[in-house]
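Participant: Here's a structure for you.
Numbering (my numbering), first residue to last: 189 to 635.
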């Protein structure tokens, strides 16, 4: 995510002065007239963003000035937070979410509840806007854990020397060459052109279908994403003739890759031409060598074959949070509505897992009682009662379980989850499997 979301912290290591009266600042929603002062405030606290990046925030299709919440004293900004409303793909579901960005206070207002009050107001605003889950990235996770946020996994990437990758690609290509000489249509790799935006959108939609975590991108969002130029190059793979017919979808474009400073931040290919991924990687490696870059980094969906190939080239697969220090965190804003949005997915899992239908699974969450009712047609969550079979955990663990970030076996082994019966444990395994969460970094990569 961007510097914006990665700065989602009160920007305070410890209180500077004893807490004073909390009426020394006033919370308010931002207006267009606040933008110059907001930019100067962010520069004073974070030394970012550039004027161009700040303008890109204002140009984002869903942005409204009141997405910014401000703490003011005597008309001057002393605290700030921004929320970004989006939708994420989650299997066959689409979830409305909101990201907390740029939470900060001036040094003299730290320890007075300014950041906490801004965060609380932001959470209420996100809930009012229909978000079921809040997202953020921070270097101060303890601040958020005290306020009900839960850590939610880490993105992973693979890295290796470009020369080693090219050598390995050459070996694989010679091994996989058909003995009968039958080869798929030739692929041409070149830089992307603006008239080919529709092809990027089509490939992204195909490549993220059924995924857990990528953002939904409209045509307007794609235009904004490209105009930000948070990348150095966009490569495309073309099947057959390099000359394209300018139709709506450009089906001969079978792959693309966004790269920045030796990092492939997004790569998608058509299912029928998975070999396009190898060719795109080879082109990126060649350009990296020309630019005297000594490492190629791939940020692709977990399980992508290129990860294993890069490791076989002498590379490593590592957690991106380990190197940046930023932690991804989530908060359930409306558990009942989240279950409602996931009901089709949960019901399918119940049927495929051969659970008894109709059936019930109790949930004891921070002392509050719920029951997950599985009927012949749907699943719903109701408060207030449950039977013998139930699960007990706190809200942070429930968040990770519902989002597939925590495995049932790990949760039980570490004492984060207790099942009252074997029936409850088996139901949890079926309904709440671990899934490969993945957020493409391109959406929030700083320009």
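Idealized CB from N, CA, C, for every residue including glycine.
1. So, using beta-carbon positions, are residue 392 and residue 472 closer together than 8 angstroms?
2. Which of the three DSSP states, helix, strand or coil, is assigned to residue 620?
3. Looking at C-alpha atoms only, which residue of 629, 356, 300 and 557 is the closest neighbour of residue 501?
4. Which same chain residues end up closer than 8 angstroms to residue 209 when comparing Cβ atoms and leaving out the 5 residues on each side of it in sequence?
5. Just tell me which of 622, 383, 540 and 426 has its CA closest to the CA of residue 462.
6. Using three-state DSSP, classify residue 294 as helix, strand or coil.
7. Smallest Cα separation from residue 513: which of 325, 274 and 217?
8. Please name the residue or residues paired with residue 457 in a DSSP beta bridge.
9. Closer than 7 angstroms by C-beta to residue 309: which residues in its own chain qualify, once you throw out the five before and the five after it? Chain order, please.
10. Taking just the CA atoms, how far does residue 291 sit from residue 327?
11. Would you mind stating whether residue 338 and residue 532 have Cβ atoms separated by less than 8 angstroms?
12. Going by the CB atoms, is the gap between residue 599 and residue 585 shorter than 8 angstroms?
13. Figure out for me which residue from 572, 543 and 558 has the closest Cα to the Cα of residue 564.
14. Considering only residues of the same chain and omitting the five flanking positions on each side of residue 452, which have a CB-CB separation below 6 angstroms?
15. I need the boundaries of the alpha helix (DSSP H) containing residue 228, first residue and last residue.
16. Rounding to the nearest angstrom, what Cα-Cα distance links residue 489 and residue 562 in this structure?
17. Determine the contact status of residue 276 and residue 404, defining contact as a CB-CB distance below 8 angstroms.
18. Going by the DSSP bridge assignment, what does residue 377 pair with across the sheet?
Facilitator: Reading from the atomic positions:
1. As a working note, residue 392 is residue 204 in the chain shown. As a working note, residue 472 is residue 284 in the chain shown. The Cβ-Cβ distance between residue 392 and residue 472 does not fall below 8 angstroms.
2. The residue given as residue 620 occupies position 432 in the chain shown. Collapsing the DSSP output to three states places residue 620 in coil.
3. Here residue 501 refers to the residue found at position 313 of the chain shown. Nearest option by C-alpha distance: 356.
4. As a position in the chain shown, residue 209 is number 21, starting the count at 1. Below a pLDDT of 50, predicted positions are generally treated as unreliable, and residue 209, at 42, falls in that range; the measurement from the model is reported next regardless. Result list for residue 209: empty, nothing under 8 angstroms.
5. What you label residue 462 is simply residue 274 of the chain shown in a count that begins at 1. In terms of Cα proximity to residue 462, the closest of 622, 383, 540 and 426 is 426.
6. Numbered from 1 along the chain shown, position 106 holds the residue referred to as residue 294. Annotated three-state conformation of residue 294 is coil, per DSSP.
7. One-based indexing of the chain shown puts residue 513 at position 325. Answer by Cα proximity: 325.
8. Taking the first residue of the chain shown as position 1, residue 457 is located at position 269. Paired residues: 443.
9. Position 121 of the chain shown, counting from 1, holds the residue named residue 309. Taken in chain order, the residues that qualify are 215 and 257.
10. Locating residue 327 in the chain shown gives position 139, counting from the first residue. Locating residue 291 in the chain shown gives position 103, counting from the first residue. Cα-Cα distance, rounded: 12 angstroms.
11. Taking the chain shown and counting its residues from 1, one reaches residue 338 at position 150. Taking the chain shown and counting its residues from 1, one reaches residue 532 at position 344. In this structure, residue 338 lies away from residue 532, with their beta-carbon atoms at least 8 angstroms apart.
12. Your numbering for residue 585 matches position 397 in the chain shown. Your numbering for residue 599 matches position 411 in the chain shown. Cβ distance < 8 angstroms, so residue 585 and residue 599 count as in contact.
13. In the chain shown, residue 564 corresponds to position 376, counting from 1. The shortest Cα separation from residue 564 among 572, 543 and 558 belongs to 543.
14. As a position in the chain shown, residue 452 is number 264, starting the count at 1. Excluding five sequence positions before and after residue 452, the CB atoms of its chain that fall closer than 6 angstroms to its own CB belong to 445, 472 and 486, given in chain order.
15. Position 40 of the chain shown, counting from 1, holds the residue named residue 228. Start and end: 223–234.
16. Within the chain shown, numbered from 1, the residue matching residue 489 stands at position 301. Within the chain shown, numbered from 1, the residue matching residue 562 stands at position 374. Cα to Cα, residue 489 sits roughly 32 angstroms from residue 562.
17. Indexing the chain shown from 1 puts residue 276 at position 88. Indexing the chain shown from 1 puts residue 404 at position 216. The Cβ-Cβ distance between residue 276 and residue 404 falls below 8 angstroms.
18. On the chain shown, position 189 is the one that residue 377 refers to. Bridge partners of residue 377: 425.
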